[in-house]
Amino acid sequence: MTGAAIWVVKLGGSLWNGPALRPWLAALAAERARRIVIVPGGGPFADAVRDAQPVLGYGASAAHRMAILGMEQYGLALLDLEQALQPARTAAGITEASGTTVWLPAALSGDADVEENWDVTSDTLAAWLAERLEAERLVLVKSAPLPPGTADARALARAGVIDPVLPGHMERLSAEVRCVGRDDLPLFVAELRGGPPAGTRLWLEREREAAWPGTSSS
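In terms of the UniProt record's numbering, the sequence shown has 63 at position 63, counting the first letter as 1, and numbering is strictly consecutive.
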């Protein structure tokens with residue numbers, strides 16, 4: 001896989017208790033033409049951190065680090081569910097792996113220049129990793145309904161589909177960013193085999209202004 005394009009695929013924590021998770025893991029583990037890096041969501045592990053915070057009273061910074069440990073727990077579960085996946089904690093571990101990896105973020109995420117609050121989720125951490133790895137594509141697998149074609153990232157953030165910090169990080173990303181529905185695995189697999197791009201491409205308003213100078217975006 002030396003020289004293969006890197007795709008960062010964030011599997012939303014909302015998939016944890018549904019039938020879509022294992023087929024996604026199997027399909028991603030089987031990919032060989034691209035270097036796939038799975039970023040686990042927080043799932044029930046991050047939810048536990050959020051639920052306990054008002055009771056115990058720990059601050060935003062502690063909650064942020066605990067939620068990242070929740071992502072790591074979810075990642076360990078994914079590795080156990082699909083034995084063909086490989087763990088990776090560092091950028092070198094990802095690029096040197098012979099197959100699809102699951103990012104265990106506790107160590108490397110300490111370098112991420114992101115806010116430490118609940119606005120930052122695994123969406124933004126996946127974007128940070130995609131930037132760090134100079135990935136070709138960032139794919140966010142979501143349970144929420146998605147608009148067809150293209151969508152303004154800020155509008156999706158306002159709707160709660162992606163986290164509100166992600167659009168700002170997209171401004172420095174070279175990777176194309178797409179959201180794919182959890183039930184759209186057949187379309188995603190078809191794309192891996194040479195078919196059309198799956199899911200909804202995310203763009204920022206400035207992209208429209210650059211593409212059609214002098215026109216209104218309303």
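From the three backbone atoms N, C-alpha and C, an ideal C-beta is built for every residue, glycine too. What you are looking at is a predicted structure, and each value in this text was computed from that prediction instead of being measured.
Q: May I ask you to list the residues that DSSP assigns as paired with Ile-6?
A: To locate residue 6, count along the sequence shown from 1; it is residue 6. According to DSSP, which records beta bridges pairwise, Ile-6 is partnered with Arg-35.
Q | Contiguous alpha helix (DSSP H) assignments of at least 4 residues, all confined to the stretch 88 to 156 | A | Fully enclosed alpha helix (DSSP H) runs of 4 or longer: 91 to 96, 122 to 133.
Q: Within 10 angstroms of the Cβ of Asp-123, are there 16 or more other Cβ atoms? Answer buried if so, exposed if not.
A: One-based indexing of the sequence shown puts residue 123 at position 123. That one is buried.
Q. Span of the beta strand (DSSP E) holding Glu-176?
A. If you number the sequence shown from 1, residue 176 lands on position 176. Here the beta strand (DSSP E) through Glu-176 covers 176 to 181.
(Q) Looking only at its chain, what residues have a beta carbon closer than 7 Å to the beta carbon of Trp-203, apart from the 5 residues adjacent to it on each side? (A) Taking the first residue of the sequence shown as 1, we reach residue 203 at position 203. Cβ within range, chain order: Thr-150, Asp-152, Ala-153.
Q: Provide the residue span of the alpha helix (DSSP H) that contains Arg-65, from first to last.
A: Against the sequence shown, residue 65 aligns to sequence position 65. Taken as a continuous stretch (DSSP letters only), the alpha helix (DSSP H) holding Arg-65 covers 60 to 81.
Q | Identity of the residues DSSP links to Gly-86 by a beta bridge | A | Here residue 86 is taken as the residue at index 86 of the sequence shown, counted from 1. For the sequence presented, residue 86 should be read as Gln rather than Gly. Residue pairing from DSSP places Gln-86 in a beta bridge opposite Thr-101.
**Q.** Trp-16 (DSSP reduced to helix, strand or coil)
**A.** For this step, residue 16 is matched to residue 16 along the sequence shown. Reduced to three states, the DSSP call for Trp-16 is coil.
Q) Should Ala-67 and Val-49 be called a contact, given that it needs their Cβ atoms to be closer than 9 Å? A) To locate residue 67, count along the sequence shown from 1; it is residue 67. To locate residue 49, count along the sequence shown from 1; it is residue 49. In this structure, Val-49 lies closer than 9 Å to Ala-67 by Cβ.
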